[in-house]
Amino acid sequence: MTCEQTNWSLLLKELRVEAGLTQKNLAIKADMAQRTIAEYENIGASRQLSIYKVELILEALGYEIDVFLTKQRTKGNK
-12 MTCEQTNWSL LLKELRVEAG LTQKNLAIKA DMAQRTIAEY ENIGASRQLS IYKVELILEA
48 LGYEIDVFLT KQRTKGNK
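Its first residue numbered -12, the sequence shown is counted upward by one per residue in this note's numbering.
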């Protein structure tokens, strides 16, 4: 697993919790299985990230991918 995947996993969970959503609620909003959200949040998951699914998740959380990438870069520089 790469550092980028670890950062994504942690940030996904943080954004979901900030939005007041459970994994199940987010999965419904993103039109995917709750298991997918859980696997993406699991730091030890070996699953490859799909950019399409990442975009769906971000849209469900109210982010556009470019805004998210800026936020991720900012967090990574702290």
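Glycine is no exception: its CB is placed at the ideal position from the N, C-alpha and C atoms.
The structure displayed is predicted, hence computed values, not measured ones.
If you look at residue 12, you'll find it in the alpha helix (DSSP H) that goes 10 to 17. Annotation: the continuous alpha helix (DSSP H) that includes residue 39 extends over 38 to 47. With contacts defined by Cβ atoms closer than 9 angstroms, residue 14 and residue 20 form a contacting pair.
Rounded to whole angstroms, the gap between the alpha carbons of residue 26 and residue 37 is 12 angstroms. When the Cα atoms are used, residue 29 and residue -4 turn out to be separated by approximately 6 angstroms.
Selection 53, 16, 24 and 51 evaluated against residue -1 yields 24 as nearest (Cα-Cα).
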